[in-house]
Amino acid sequence: MGTHQVLDGRKIAERIKQTLLKEETAVLRAHPQLRVLYFDTTASQVYWQAQRVAAAALEIGTGVDKSGRESYKTGSVSCPWNIPQPEVERIIQWWNDDPSVHGIFVHQPMPVQIDAQRVSALIDPRKDVEGIHPANCARRFFAKARIGSCTALAVMELIESTGVALEGKEAVVVGHSEIVGRPVSMLLLDKLATTTICHVGTDRAGRLESHVRQADVLVVAVGKPQLIKGSWIKSGAIVIDVGINVVNKRVVGDVEFDEALKRAAYISPVPGGVGPVTVMMVMKNTVEAFKWQRR
Ligand code: NAD
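Quick note: my numbering has the sequence shown finishing at residue 367, numbered continuously throughout.
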């Protein structure tokens, strides 16, 4: 019998935090400033809380005082779901123009009235700690990104924690979004994995299962509980589940976890897998953004 190991995202996030504390003392002593625009939805509040805790542990500022008072002129802000586009743009422009702000992060998904691509393009690329500005995406294309997509980097951290070399492996990414599927695929290509991208069209064509069955490395980022059946997992595969779904008040991923665990060599759980590592990658990107602005 081979190994069936659950990848502990909290432990990996802690290791990244300790490395930052050790190797980036000078930057952290200067207290880089991160500004987060989040929304008044439960998912966004939960994510913001995790970001706030991680930032505090590294003494990265978020500009919210102990009373919780918020103003975009001095710190991170919660916005109503019906916030109009010009208001979002005004906040980002303010943070772009403020030299004491080093990192900007706008929560996704954004409300329908907000043009997310326009927002991504407005953020100063040197402050774009989610790695979504077109210039940062283009640098990723050439494998030269200084600030990468935080979720994609988190996926790669989890894969790398297994110690398995990716060259020549069959990697299958399910989901082709701009913030997860596409950037993960590029990072897998950079490691010379033979990379296949599946999406809703693959499923509609009835070909999702056959692709998943080939995967030595499977990354799933869709947002549909139980989409990937445990019986489809190739024996000995690495399975990274990015999906976040709430089912009967429980948070679950996109993969049938218990069944998949019987076949996978390594699998990331939800919660406690990609999520905590992503939060820490935002902090790592904030440190990098600080250095980029200081040269
Ligand atoms: P998205 O909605 O932008 O993209 C979904 C993707 O899934 C698309 O590529 C679509 O083609 C594909 N898809 C839809 N139905 C499918 C089907 N039946 N079969 C195969 N593919 C299908 O989503 P996103 O922003 O990439 O997020 C995906 C999931 O990851 C969500 O659950 C989100 O909450 C989660 N997420 C987690 C983190 C984290 O840090 N843990 C970060 C970002 C997103």
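Backbone N, C-alpha and C define an ideal beta-carbon position, used for all residues, glycine too.
Short of 7 Å in beta carbon distance, which residues of its chain neighbour K387, apart from the five on each side in sequence? Order them along the chain. With the chain covering only 73 through 367, there is no way to say anything about residue 387.
Helix or strand or just coil, what does DSSP make of R322? strand
To which residues does DSSP link L109 through a beta bridge? V149 and V178
Taking the alpha-carbon positions, what's the Y338 to I84 distance? 14 Å
Out of R335, T266, G81 and A115, which has the shortest C-alpha to C-alpha gap to I300? R335
Contiguous alpha helix (DSSP H) assignments of at least 4 residues, all confined to the region 224–295: 253–262, 272–276 and 280–286
Under 7 Å: does the beta carbon of H271 sit that close to some heavy atom of the ligand NAD? yes
Looking at L109 and V78, is the spacing between their C-beta atoms short of 8 Å? no
Near N168, what residues of its chain come up, given a Cβ to Cβ distance below 6 Å and the 5 sequence neighbours on each side ignored? D196
Considering only the beta carbon of each residue, do V227 and V346 sit closer than 8 Å? yes
Spatial neighbours of K145 within its chain, please: CB distance less than 7 Å, with the 5 preceding and 5 following residues excluded, ordered by chain position. W166
Can you name the start and end residues of the beta strand (DSSP E) that I312 belongs to? I310 to D313
DSSP three-state assignment for D330, whether helix, strand or coil: helix
Around the Cβ of S192, are there at least 16 other Cβ atoms within 10 angstroms (buried) or fewer (exposed)? buried
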